[in-house]
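Visitor: Dropping the structure in here first, questions after.
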Amino acid sequence: MSVRIEKGGWMLIGLLGVGLVGYSLNKYGLLDKIVPAAKTTASAVPKRADLPSLATSGAVDVKPVSLPGSQPGCSGKAEVRALVWAWNAQMGLMFANGGPQATKGSLMCKEGVNLSLIRQDDSNKMQEALVAFATELKSGSSNPSKGSHFVAIMGDGSAQFLAGVNDTLKRLGPDYIAKVVGSAGYSRGEDKFMGPADWKANPASSRGGLVAGVLRDGDWNIAQKWLGDNSLCNNPDEKTYDLGCLNWVNANDYLDAGEKYIAGYCETRPVGV
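Per the working numbering, residue 6 is the first one in the sequence shown, and the count goes up by one each step.
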């Protein structure tokens, strides 16, 4: 007894065969060797950056300020919202506000500002909040209830942040643009590039290392400074692995970076050329 395979059956068998071959090539890394993925940016040694020296002392005439209270102090004023990180650089702003909402006796309430400080660790969501605010503002609202009036981010990460959000804001019109309006303080040592002790003793031992971080943000810049100081190369492409350079896993925020490290996060990547 013979069974005849119709034309559709041969097509199905052929597709299954192609699928199995493709799966095998991909699983064992042969596909990347046959058709290597395009690398976004080549690995390179960051340019050395010499930071300016800071004055170690200096007399500053600062008048003492009494501690703010704990009760709401100016809730009758229109609310102003600011998204912030859990970051020492913002302690001055938090003190001036007296708490999450401007309190009685705070510097903010003395100036008639009912400021609400809202924690948001994800800079992408900060961008979305600015766009939501601007969108409602354009629709005619004098004080939008959506989004945020302000966000507080790292100064050396502002170029990338503003470039991203302003690409979206410009669609609303030329009058809608995010920009830096001031600084509330600076870091007290919590911004850092962390790795094994061997890397500090022998920087060259970091070659081939993998670090989790928010790409092209402030903490990334610290790592680039360290690499440049030690003439070591950086692989900016988070889709490939370079054995001779420092490699990166992109994190949504600084908490996500720590969680990835603690969880022993790993992924399979093609080796970059």
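Backbone N, C-alpha and C define an ideal beta-carbon position, used for all residues, glycine too.
For alanine 137 and lysine 130, I'd like the C-alpha separation in whole angstroms.
Guide: So the two alpha carbons sit approximately 10 Å from each other.
Visitor: Pick helix, strand or coil for tyrosine 181, following the three-state DSSP scheme.
Guide: Note: tyrosine 181 maps to coil in three-state DSSP.
Visitor: If you drop the 5 nearest sequence neighbours on each side, which residues of the same chain put their C-beta closer than 7 Å to that of serine 7?
Guide: Only weak support exists for where serine 7 lies, its pLDDT of 48 falling under 50; the value from the coordinates is given anyway. Excluding sequence neighbours, serine 7 sits near nothing in its chain.
Visitor: Using a 10 Å radius around the Cβ and a threshold of 16 neighbouring Cβ atoms, would you call asparagine 148 buried or exposed?
Guide: Result: exposed.
Visitor: Pull up the CB-CB distance for serine 111 and asparagine 102, whole angstroms please, since I reckon it's below 8 Å.
Guide: Going by Cβ atoms, the distance from serine 111 to asparagine 102 rounds to 6 Å, so yes, they are a contact pair.
Visitor: Give a yes or no on whether the C-beta atoms belonging to serine 211 and glycine 200 are separated by under 8 Å.
Guide: Yes, these two residues count as a Cβ contact at 8 Å.
Visitor: DSSP three-state label for proline 208, please.
Guide: Reduced to three states, the DSSP call for proline 208 is helix.
Visitor: Distance, Cα to Cα, asparagine 207 vs serine 71?
Guide: About 49 Å.
Visitor: Count the C-beta pairs between the segment 76 to 96 and the segment 168 to 180 that are closer than 8 Å, then say yes if the count reaches three, no if not.
Guide: These segments do not touch.
Visitor: Quick check on DSSP: helix, strand or coil for alanine 49?
Guide: The answer is strand: DSSP assigns alanine 49 an E or B state.
Visitor: Given asparagine 226, which residues of its chain have a CB within under 8 Å of its CB, disregarding the five upstream and five downstream residues?
Guide: The residues are Asp161, Gly162.
Visitor: Against chain D, does leucine 120 count as a neighbour if the rule is that its beta carbon must be under 8 Å from one of theirs?
Guide: Any reference to chain D falls outside this structure, which holds one protein chain only.
Visitor: Under a Cβ-count criterion, where at least 16 other Cβ atoms within 10 Å of its own Cβ denotes burial, should lysine 32 be classed as buried or exposed?
Guide: Low local confidence applies: a pLDDT of 48 at lysine 32 is under 50, so the model's placement there is unreliable, and no value is given.
Visitor: Return helix, strand or coil for tyrosine 246, following the three-state DSSP convention.
Guide: Here tyrosine 246 sits in strand by DSSP.
Visitor: With a threshold of 8 Å, are at least 3 pairs of Cβ atoms found where one atom belongs to the segment 229 to 247 and the other to the segment 189 to 197?
Guide: Flag = no, the segment 229 to 247 and the segment 189 to 197 do not touch.
Visitor: Distance, Cα to Cα, glycine 152 vs alanine 134?
Guide: Spanning the two alpha carbons is a distance of roughly 4 Å.
Visitor: Closest to alanine 189 by C-alpha separation, out of Ile182, Phe155, Asp172, would be which residue?
Guide: Nearest option by C-alpha distance: Phe155.
Visitor: Taking the beta carbon of lysine 52 as the centre, do at least 16 other beta carbons fall within 10 Å, making it buried, or is it exposed?
Guide: When all chains shown are included, lysine 52 counts as exposed.
Visitor: Classify serine 128 as buried or exposed, calling it buried when 16 or more other Cβ atoms lie within 10 Å of its own Cβ.
Guide: With 16 or more Cβ atoms within 10 Å of its Cβ, serine 128 is classed as buried.
Visitor: Is glutamine 125 closer than 8 Å to phenylalanine 3 when the C-beta atoms are compared?
Guide: A query on residue 3 cannot be resolved here, the shown segment of the chain reaching from 6 to 278 and no further.
Visitor: One question on the structure: do glycine 282 and threonine 245 come within less than 8 Å of each other, judged by their Cβ atoms?
Guide: Nothing about residue 282 can be read from this structure; the chain reaches only from 6 to 278.
Visitor: What does a CB cutoff of less than 6 Å around aspartate 261 pick up in its chain, not counting 5 residues either side in sequence?
Guide: Closer than 6 Å at Cβ, skipping near neighbours: no residue.
Visitor: Would you kindly check if the distance between the Cβ of alanine 87 and the Cβ of alanine 157 is under 8 Å?
Guide: Closer than 8 Å, so yes.
Visitor: If you draw a straight line from the alpha carbon of valine 216 to that of alanine 94, how long is it in whole angstroms?
Guide: Roughly 24 Å separates the two Cα atoms.
Visitor: Between the Cα of glutamine 76 and the Cα atoms of Thr140, Gly104, Thr273, Asp180, which residue gives the shortest distance?
Guide: Here the closest residue by C-alpha is Gly104.
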